[in-house]
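Asks: Got a structure here, written out as structure tokens. Questions coming.
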Amino acid sequence: MKYKEFYNRSIQNPEEFWKEQMQNLAWYKKPNTILSRDSDNHFEWFKDGELNLSYLCIDKHIEDGYGHQNAIIYDSPVTNTKQNITYSELQYEVSKLAGGLNDLGVVTGDTVIIYMPMIPQAIYAMLACARIGAIHSVVFGGFAPHELAIRIDDCEPKVVITASNGIEVERIIPYKPFVDKAIEESKHKPNYVVNYNRKQGVEISNKSYDIDYDVLTAKASIIEPVPVSSTHPLYILYTSGTTGTPKGIIRDSGGYATALKFSMKYVYGVDEGDVYWAASDVGWVVGHSYIVYGPLLNRNTTILFEGKPIKTPDASTFWRVISEHKVKVMFTAPTAIRAIKKEDPQGELIKQFDLSSLKYQFLAGERCDVATLKWTENKLKVPVIDHWWQTESGWPMLANMVGLELLKIKPGSSAKPVCGYDIQILDEDGVQTSANVEGYVTVKLPLPPGTLSNLWRNPERYKAGYLERFEGYYFSGDGGYKDEDGYVFITGRVDDIINVAGHRLSTAEMEEIVASHKSVAECAVFGIHCDIKGQKPLGLVVLKSGETPSNEQLQNEIVNTVRNNIGAVASFKNVLVVKRLPKTRSGKILRKLLRNIANSTEYKTPSTIDDVAIIKEIEYIYKTHRLGKYKNQLQ
């Protein structure tokens, strides 16, 4: 069946469509109620069904005779370690840890925080929680103790599972000491901290609540999966909120499993037994959906990669992993590709490897500029699929559904709505816009299975943040438009739309043009205060290795190109060169931080930033620019 017919079925009769899809799972009790509403009047899927994701991800495949297949390939260039873990081996490790958690008093409905690096034990911990019906909350390992403490107080875990340390290119991150500091600060005190000791030289203080991971699992019994309701929370995943306090996204079990199984086949085009790689972190939604649950539900071999796209050891590491492990489909963020492109602009390192196994390269997590898309297509010689989704959705909302039909790729667009998502562009009054007219990106309710079911202990914030802006619609927080062919273009968060002398302009569109300059590896464009026009755009650029244009030449060329493409109305006049851009650890550029620095507005350093030192560098560049003393900092 082609995309259009399949998609229309999902929108016109969602209950029938998703009833068919849920048949692809092995339920303990198949649901009779497909779509209903809960006590808060929120939609829920498969309410009376029972299942267990740990069973679906592991035991079902062993029962079907695939216990010998690799479930996980752990590839860690930072430790020079490679390990193949079969489904049978995964079952043993997960069952023993589940037994250990049971021994510590963890039962169905309890919460467990997982604060770990990219090691197999992180996946074991997630699946062990799922096995006994405990609700896990994976906190990204790079978060500082204060941020971890906030999450401990919010979800009140009975147990925290951690490791002694994480390993990065030039440093060791002391995970266990961070956990100890967080517990000192938090009001809620977990009963136990289970620590996996990597023996990397981190000094660990023994606390009364400490339990050694290896000791716990060695004496534990094997635990069988516990059936849970389809609506039972599988996990809480915290995402940033406009109030500064994190929002705990709740993901259900049955709807999520149905959606992920569906997406592996129809969005990503992978079959059972294929090798699939999402180069992300288990602390982010991509890691939950497409390192752990999605691939394992679909009986794929998932790559667990502990490293970086560059410097582990160089910009060839992604291509080495694809070639060595015969990856069929890869998924990463555009920022990773841009980092590789900056180090190896001609793609010479790619030529060392046989990438014939790779069928599709997916990109998401941030807006993909045309220059990055084109470079990736040119170097990899496969379709490069830019797709769009959110922590809240849990799985893709816009994509080229290659498992159905490879549609024409339009650079700058994340293609068309995925089955189940009735995506509409609305104006300020909630009226659908015409083709090519920008508005607010929304999804007509009900949302499909697998999306957020609520916010942890905060249903009012859920309603206010997502449902009240447009009645009958979920508001994504992003702006965008549909073209005459139904392709959707995401222009960025609605606060990335700037108002220049009454004209609403997309900084994302300007970024597209700036990024196309031959010397630019990466850029950010954002609005800053202007006494005359209200706002004006400012561009920061990172140059490609070996590029050394003069300030005047670079600025003139970029400003003229923006003027030629958008017009003088853009008032784009300033370009500053920086060594790097401030980003979250998941690779998103911190544009709000940049705006605050440029406007001399008081700001708080985000806990998610990957390098705090960069703030002082950029403050200095802005200061010299204001004083008229700016010179290209790289000259």
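To convert, note that position 176 of the sequence shown is 160 in the working numbering; the numbers rise steadily by one, no gaps.
C-beta: ideal position from N, C-alpha, C; glycine also.
1) Between L339 and S307, which are expected to be in contact by the criterion C-beta below 8 Å, what is the C-beta distance as a whole number of angstroms?
2) Below 8 Å on the Cβ atoms is my guess for I233 versus L221; work out the distance and round it to an integer in Å.
3) Would a C-beta distance cut-off of 7 Å place V354 and E496 closer than the cut-off?
4) Which residues in the same chain as H501 place their Cβ atom closer than 6 Å to its Cβ, once the five residues preceding and following it in sequence are excluded?
5) Measure the beta-carbon distance from Y471 to A399 and round it to whole angstroms, keeping in mind my assumption that it falls under 8 Å.
6) Examine the ligand SAM and report whether any of its heavy atoms sits within less than 6 Å of the Cβ of S503.
7) Name, in chain order, the residues that DSSP records as bridge partners for D370.
8) Determine whether the beta carbon atoms of V122 and G267 lie at a separation below 7 Å.
9) Which same chain residues end up closer than 6 Å to D239 when comparing Cβ atoms and leaving out the 5 residues on each side of it in sequence?
10) Within 10 angstroms of the Cβ of Q345, are there 16 or more other Cβ atoms? Answer buried if so, exposed if not.
11) Going by the CB atoms, is the gap between R322 and E506 shorter than 7 Å?
12) Starting from G423, follow the beta strand (DSSP E) in both directions and report where the run begins and ends.
13) Roughly how many whole angstroms lie between the Cα atoms of I605 and D515?
14) What are the boundary residues of the alpha helix (DSSP H) that N549 is part of?
15) Quick one: what's got a C-beta closer than 6 Å to L429's C-beta in the same chain, skipping five residues either side?
16) Would you kindly check if the distance between the Cβ of A299 and the Cβ of D265 is under 7 Å?
17) For I275, which of A112, H309 and F315 has the nearest alpha-carbon?
18) How about the stretch 247 to 264 and the stretch 120 to 139: do they share at least three Cβ pairs that are nearer than 8 Å?
19) Please report the distance separating the alpha-carbon of D420 from that of N86.
20) Can you name the residues that DSSP bridges to W261?
21) Would you mind working out which of P158, H120, E290 and D258 sits nearest K312, comparing C-alpha positions?
22) Which residue marks the beginning of the beta strand (DSSP E) containing D462, and which one marks its end?
23) CB-CB under 6 Å to G404, same chain, minus the five flanking residues each way: which ones, in chain order?
24) Leaving out five residues before and five after A243 in sequence, what residues of the same chain have Cβ atoms less than 6 Å from its Cβ?
25) Have a look at P297, Y193 and G117 and flag the residue whose alpha-carbon is nearest the alpha-carbon of T215.
26) Take L35 as the anchor and find which of G84, A166 and S213 has the nearest alpha-carbon.
27) For G449, which of F459, W440 and R441 has the nearest alpha-carbon?
28) With three or more beta-carbon pairs closer than 8 Å as the criterion, would you say the stretch 529 to 539 touches the stretch 568 to 584?
29) Would you give the residue range spanned by the beta strand (DSSP E) that G434 belongs to?
30) Please classify R441 as buried or exposed, where buried requires at least 16 neighbouring CB atoms within 10 angstroms.
31) Between which two residues does the alpha helix (DSSP H) holding V161 run?
32) Alpha carbon to alpha carbon, what distance is there between L19 and L439?
33) From which residue to which residue does the beta strand (DSSP E) around G267 run?
34) Can you give the beta carbon distance from T95 to K142, rounded, assuming they're within the 8 Å contact cut?
35) Tell me the DSSP secondary structure of D59 in three-state form.
36) Quick check: the Cα distance between E493 and T475, rounded to an integer number of angstroms?
Replies: If we stick to the structure as given:
1) The pair is a contact, with the Cβ atoms about 6 Å apart (cut-off 8 Å).
2) 5 Å
3) yes
4) I542
5) 6 Å
6) Although the ligand SAM was asked about, the structure shown includes no ligands whatsoever.
7) Note: D370 is bridge-paired with L347 in the DSSP secondary-structure output.
8) yes
9) Looking at the sequence provided, one finds Gly at residue 239 rather than Asp. Residues W29, P433 and G434 of the same chain have their beta carbon placed closer than 6 Å to that of G239, with the five preceding and five following residues left out of the count.
10) buried
11) yes
12) G423 to K428
13) 21 Å
14) N535 to N549
15) G456
16) no
17) The residue with the shortest Cα to Cα distance from I275 is F315.
18) no
19) The displayed chain sequence assigns Asn, not Asp, to residue 420. Rounded to whole angstroms, N420 to N86 spans 56 Å at the Cα level.
20) M314
21) D258
22) Y457 to K466
23) S(-6) and P432
24) W379, P433 and G434
25) The candidate whose alpha carbon is nearest that of T215 is G117.
26) For L35, the nearest C-alpha among the options comes from S213.
27) Among F459, W440 and R441, the Cα nearest to that of G449 belongs to F459.
28) no
29) From DSSP, G434 is part of no beta strand (DSSP E); its letter is neither H nor E.
30) exposed
31) Val is not the amino acid found at residue 161; the sequence shown has Pro there. Y159 to E169 is the span of the alpha helix (DSSP H), which, as asked, contains P161.
32) 20 Å
33) Note, G267: premise wrong, no beta strand (DSSP E); not H, not E.
34) Yes, they are in contact, since the Cβ atoms of T95 and K142 sit about 7 Å apart, within 8 Å.
35) strand
36) Spanning the two alpha carbons is a distance of roughly 7 Å.
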